[in-house]
Amino acid sequence: MAGKIVVTGLGATTPLGGDVESTWKALLAGESGISTIEADWVSEYDLPVTFAGQAKVKALDVLTPQECKRLDQSSQFALIAAREAWKDAGTPEVAPERIAVEYATGIGGVWTLLNAYDDLKNRGPRRVMPMTIPMLMPNGPAAAIGMDIAARGGVRTAVSACASGTEAIANAIDRLRTGEVDIVVAGGCEAGIHPLPLAAFASMHALSKRNDNPAAASRPYDIDRDGFVMGEGGGAVVLELEEHALARGAKIYAELVSGAVTSDAYHITAPDPEGTGAARAVLRALEHGGLQVTDVDHINAHATSTPVGDIAEYTALRRVFGDHLDKIAISATKSSTGHLLGGAGAIEAIFTILALHTRTAPPTINVDNPDPAIPVDVVTSPRNLGDGELVAISNSFGFGGHNAVIVFKSYEK
Amino acid sequence: MAFSQAEVLAGLAEIVNDETGIATESVQLEKSFTDDLDIDSISMMTIVVNAEDKFGVKIPDEEVKNLITVGDAVNFIVSAQG
Chain A
25 MAGKIVVTGL
35 GATTPLGGDV
45 ESTWKALLAG
55 ESGISTIEAD
65 WVSEYDLPVT
75 FAGQAKVKAL
85 DVLTPQECKR
95 LDQSSQFALI
105 AAREAWKDAG
115 TPEVAPERIA
125 VEYATGIGGV
135 WTLLNAYDDL
145 KNRGPRRVMP
155 MTIPMLMPNG
165 PAAAIGMDIA
175 ARGGVRTAVS
185 ACASGTEAIA
195 NAIDRLRTGE
205 VDIVVAGGCE
215 AGIHPLPLAA
225 FASMHALSKR
235 NDNPAAASRP
245 YDIDRDGFVM
255 GEGGGAVVLE
265 LEEHALARGA
275 KIYAELVSGA
285 VTSDAYHITA
295 PDPEGTGAAR
305 AVLRALEHGG
315 LQVTDVDHIN
325 AHATSTPVGD
335 IAEYTALRRV
345 FGDHLDKIAI
355 SATKSSTGHL
365 LGGAGAIEAI
375 FTILALHTRT
385 APPTINVDNP
395 DPAIPVDVVT
405 SPRNLGDGEL
415 VAISNSFGFG
425 GHNAVIVFKS
435 YEK
Chain B
170 MAFSQAEVLA
180 GLAEIVNDET
190 GIATESVQLE
200 KSFTDDLDID
210 SISMMTIVVN
220 AEDKFGVKIP
230 DEEVKNLITV
240 GDAVNFIVSA
250 QG
């Protein structure tokens, strides 16, 4: 296997905080980023779900008004996360042709699209602004990052619903291993807290309806979970080959060992109850990294808090790990952040990386009554993962039967 | 009520500032939108539509290419009124 790939920069804006440090701190403190949506459209449309994981720091407070005008909110989150990650990586001086971007979204510029449709209906075609298309296209966030850091080695967008962010990071592996580029900014974002996606997810009974207690609504592995909670934000990681990172004296958070993507071809939205596709993704990912199932110490689970999804993932994990699953510390961080859809894999990769880097698995909140159908070792308060080499995986699964898994290892020089 | 040349210039400067962040005092009659103010065609179309709304005039697409300077735009809007 060609050289090691390492993580040298992290950036995020999430329902828990406007950057990685504040997000991680709030996550470890067991905070919830879920709250009631204070917008007129909630009552205007009489939405069945009135809460979400809204970005803790508004993009307008970080970017210039002109940047915000030309970027959909999804791209705004992407840019904020990528700038933080790039700076955290030491603002690498790399030839633009050797820089690539792999940046995902699940839905794309939904606010831009629907606002433009309102303009068309209410004010006519001339009032549909010329930036509408570049703002709504799903590759907009990746393109915005590429423009910002002058990445000319290829800018791509994985679109695989809630698996997108993880798939984007997995896609970065080949770009680096083939030697095509020296450095990749990877991750994902979402800005879908809009009445239409809320209504649509609610109509398929995917969302929690715990309107009276939003902070308790996202409760993976709890017996009373009733659906996921929409979240928004973005995450980005800077990836490069170890020798490249060492040569420029970069700090290294962890090693990105491997990744794998599989598909169910079972049902457009329901997970395969046997979890075979998800299990294959985990197995392939470990295999690609030359690892045994018994090497795994920590899992950041997909665990969205839907009744069937959490069980399907558990079934897949039990299938892969057997008895060793009981020795793995499992964190379901969507309990705090909500589900960032295309951004989920990105921020959860960051949580996995920081768990290895700090040797601390983050807590899962709201597990008041663990579901007996999911007998796993759920981390409910920050837990030390011990000494020695640590291996962790992060899972993401998406509508369409997409399964994406990435594997990280603790890094020692 | 028609807007004076000074009023149109001030209003246009606000629109330009809102779209691009360029300081209103930099938006002067002799300045070229592209060469001096570095305004691209996408921003220009947004500025045109916002100017139409603000001053109650029509600025046809085929006319926009003739609006080289801020002064061109101000004069067009002033003469297109009422």
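Residue numbers (the numbering used here), protein chains in the order written: chain A, 25 to 437; chain B, 170 to 251. Backbone N, C-alpha and C define an ideal beta-carbon position, used for all residues, glycine too. Bear in mind the structure is a predicted one, so any value in this text is a computation, not a measurement.
At the level of alpha carbons, what is the spacing between residue i and residue j?
i, j, result
"K82(A)", "A215(A)", "11 Å"
"W439(A)", "R180(A)", "Residue 439(A) is absent from the model: chain A starts at 25 and stops at 437."
"Q316(A)", "L414(A)", "13 Å"
"E204(A)", "R122(A)", "7 Å"
"M25(A)", "V281(A)", "Confidence at M25(A) is low in this model, with a pLDDT of 47, below 50, so the placement of that residue should be treated as unreliable; the coordinate-derived value is given next. Approximately 10 Å between the Cα atoms of the pair."
"L144(A)", "I276(A)", "49 Å"
"V306(A)", "G314(A)", "12 Å"
"D401(A)", "I323(A)", "10 Å"
"P149(A)", "T60(A)", "35 Å"
"D296(A)", "P399(A)", "19 Å"
"T206(B)", "G42(A)", "Before going on, a small fix: residue 206(B) reads as Leu here, not Thr. Going from the Cα of L206(B) to the Cα of G42(A) covers about 33 Å."
Please say whether residue j and residue i have beta carbons closer to each other than 8 Å?
i, j, result
"T330(A)", "F423(A)", "no"
"L364(A)", "A185(A)", "no"
"V391(A)", "D250(A)", "no"
"I29(A)", "L200(A)", "yes"
"A220(B)", "I191(B)", "no"
"T190(A)", "A385(A)", "no"
"I58(A)", "G258(A)", "no"
"A327(A)", "P406(A)", "no"
"I173(A)", "V209(A)", "yes"
"T376(A)", "A356(A)", "no"
"T129(A)", "P165(A)", "yes"
"N195(A)", "A187(A)", "no"
"L181(B)", "V243(B)", "yes"
"A63(A)", "T37(A)", "no"
"G77(A)", "M254(A)", "yes"
"V31(A)", "A278(A)", "yes"
Exposed or buried, which one is residue i when buried takes at least 16 other CB atoms within 10 Å?
i, result
"D209(B)", "exposed"
"H229(A)", "exposed"
"I237(B)", "exposed"
"F432(A)", "buried"
"K49(A)", "exposed"
"Y440(A)", "Because chain A here runs from 25 to 437, residue 440(A) falls outside it and cannot be looked at."
"G27(A)", "exposed"
"N163(A)", "buried"
"Y435(A)", "buried"
"Q174(B)", "exposed"
"R147(A)", "exposed"
"D288(A)", "buried"
"K437(A)", "exposed"
Closest Cβ-Cβ distance between residue i and chain A: below 8 Å?
i, result
"E183(B)", "no"
"E211(B)", "The question names Glu, but residue 211(B) is Ile in the sequence shown. Closer than 8 Å: yes."
"E268(B)", "No answer is possible for residue 268(B): the residues shown for chain B start at 170 and end at 251."
"V239(B)", "no"
"E231(B)", "no"
"S188(B)", "In the sequence on display, residue 188(B) carries Glu and not Ser. Closer than 8 Å: yes."
"I208(B)", "no"
"V196(B)", "no"
"T215(B)", "yes"
Quick check: is the beta carbon of residue i nearer than 8 Å to any beta carbon in chain B?
i, result
"P149(A)", "no"
"M25(A)", "Confidence in M25(A) is poor, its pLDDT being 47 and thus under 50, which makes the residue's placement unreliable; the coordinate value appears in the next sentence. By this cut-off, M25(A) is not an interface position."
"F432(A)", "no"
"T136(A)", "no"
"M161(A)", "no"
"T156(A)", "no"
"M153(A)", "yes"
"K80(A)", "no"
Could you please give the first and the last residue of the uninterrupted beta strand (DSSP E) stretch that includes residue i?
i, result
"I287(A)", "For clarity, residue 287(A) is Ser in the given sequence; the question names Ile instead. First-last of the beta strand (DSSP E) with S287(A): A278 to S287."
"K433(A)", "H426 to S434"
"N146(A)", "Per DSSP, N146(A) belongs to no beta strand (DSSP E); it is in the alpha helix (DSSP H), V134 to R147."
"H322(A)", "H322 to N324"
"L220(A)", "Unbroken run through L220(A) is the alpha helix (DSSP H), P219 to S227; no beta strand (DSSP E)."
"L22(A)", "As shown, chain A starts at 25 and ends at 437. That puts residue 22(A) outside it, with no answer to give."
"L263(A)", "G257 to L265"
Can you pull the chain E neighbours of residue i, defined as C-beta to C-beta under 8 Å?
i, result
"Q90(A)", "The structure shown contains no chain E; its protein chains are A and B."
What I want to know is whether the C-beta of residue i ends up closer than 7 Å to one or more non-hydrogen atoms of the ligand MG.
i, result
"E298(A)", "With respect to the ligand MG, the structure shown offers nothing to examine, as it has no ligands at all."
I'd like the span of the alpha helix (DSSP H) that includes residue i, first residue to last.
i, result
"G211(A)", "Unbroken run through G211(A) is the beta strand (DSSP E), I207 to E214; no alpha helix (DSSP H)."
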